[in-house]
Amino acid sequence: MALDAVMKELNFDRYDRNARLRPALFTILPILVSIAIWYPKIWSLFGALASLLVTCGVTFLLAQLARQRGRRLEARWTPAIGRPHSAKLLSHADPKLPAATKARYHAYLSSHGVVLPTVQQERRDPAKAQDQYLSAVMWLLEHTRQNADKSLLLDENIAYGFRRNLRGLKPFALAILALALAANVALVWRGGGWASPMLETGVMLGGGLALVTLIWIFYITKPFVEDASLAYAQRLLAQSDVTASAAAANGAQNR
């Protein structure tokens with residue numbers, strides 16, 4: 004069964020496919036590749052097995068596991084990623100956004116009844132101020148959800164969800180890679196060691212698995228997730244300008 008057919012069977016939307024299922028599939032990819040190379044006859048049955056796995060909900064379970072691990076990671080790294088990260092950008096003390104840009108966002112949110120703290124109030128009670136900023140982000144999320152795809156906000160959300168969930172699955176991925184590498188060495192050794200007819204294939208597979216391991220260790224890290232979180236947060240807050248401009252244009256047309 005093709006991956007697209009699996010998605011259709013499970014009724015996955017674009018976010019589910021890219022931010023949840025793909026990280027899970029990438030995590031188990033070393034096992035799938037190893038089976039395809041060492042046991043091609045078994046791999047030829049994978050189409051039928053995939054249908055059974057979908058029916059039993061295994062694919063859906065993988066996506067849910069990725070989601071759970073990502074959410075745990077987000078809770079542990081607060082406020083470096085996720086909604087608290089977006090809220091932090093609204094803070095008077097945070098320097099990432101230009102002051103004029105931040106003032107526009109505050110003005111837009113305040114004009115829609117969202118209560119935000121002043122500089123003095125934020126200094127007096129940082130915890131309360133953070134709660135207010137988080138509430139503002141949640142309000143903005145709800146009011147931009149309908150047009151997220153058109154504004155490219157969904158693309159940034161998918162990118163962040165993919166990286167977050169991928170990093171959340173990192174312990175599982177490294178364990179799977181270690182198992183795949185050990186199995187590859189054992190199969191080469193059982194096939195005759197240096198005289199094995201599968202030696203070249205085994206070496207190539209082992210090199211590929213080692214490379215993927217290095218990618219997981221050195222690339223799929225906290226900065227990898229934080230970068231996507233920042234891009235999403237900036238895009239989300241920028242919807243204040245987009246929405247305000249659209250409202251002004253509609254008002255001008257109606258006059």
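In terms of the numbering used here, the sequence shown opens at residue 4 and continues consecutively.
Positions of the beta carbon are idealized from the N, C-alpha and C atoms, including for glycine.
Being a predicted model, the structure only gives us computed values, none of them experimental.
Going by C-alpha to C-alpha distance, which of Ser199, Arg167, Ile179 and Arg126 sits closest to Thr224? Arg167
Can at least three beta-carbon pairs, one atom from the segment 230 to 243 and one from the segment 204 to 211, be found at a separation below 8 Å? no
Could you tell me the alpha carbon to alpha carbon distance between Asn257 and Ser114, rounded to whole angstroms? Bear in mind that the predicted position of Asn257 carries a pLDDT of just 48, short of 50, making it unreliable; the figure below should be weighed with that in mind. If you take the alpha carbons of Asn257 and Ser114, they lie about 20 Å apart.
For Leu143, three-class secondary structure by DSSP: helix
On a CA-only basis, which of Thr30, Asp19, Phe227 and Arg148 is nearest Pro174? Give me that one, please. Thr30
For His88, which residues of its own chain have a beta-carbon under 6 Å away from its beta-carbon, when the five flanking residues on both sides are left out? Pro82, Ser232 and Ala236
What first and last residue would you give for the alpha helix (DSSP H) that runs through Gly210? Leu202 to Phe221
Give the secondary structure of Ala151 by DSSP, where H, G and I count as helix, E and B as strand, and everything else as coil. coil
Can you round the beta-carbon distance between Ala66 and Asp19 to whole angstroms, since I take them to be within the 8 Å contact cut? 6 Å
Kindly confirm or deny that the segment 66 to 76 and the segment 116 to 127 touch, where touching means at least three C-beta pairs closer than 8 Å. no
From Thr62 to Ala189, what distance separates their C-alpha atoms? 29 Å
If contacts are defined as beta-carbon pairs under 8 Å, then Ser37 and Ala186 qualify, I think. What distance do you get, rounded to the angstrom? 6 Å
Can you tell me whether Thr30 is helix, strand or coil according to DSSP? helix
I need the boundaries of the alpha helix (DSSP H) containing Pro98, first residue and last residue. Here Pro98 belongs to no alpha helix (DSSP H), and DSSP marks it neither H nor E.
Run through DSSP, which three-state label would His115 get? coil
What residues in its chain sit with their C-beta under 6 Å from that of Gly209, if we drop five residues either side in the sequence? Asn187
Compare the Cα-Cα distances from Arg86 to each of Gly164, Ala178 and Phe221 and report the closest residue. Gly164
Simplified DSSP assignment, three categories, for Thr121: coil
7 Å Cβ shell around Val215 - same chain, five flanking residues per side excluded: Pro33 and Leu180
Quick check on Asp158: does DSSP put it in helix, strand or coil? helix
Taking 7 Å as the cut-off, does the CB of Glu229 come closer than this to any heavy atom belonging to the ligand SAH? The ligand SAH is not part of this structure, which contains no ligands at all.
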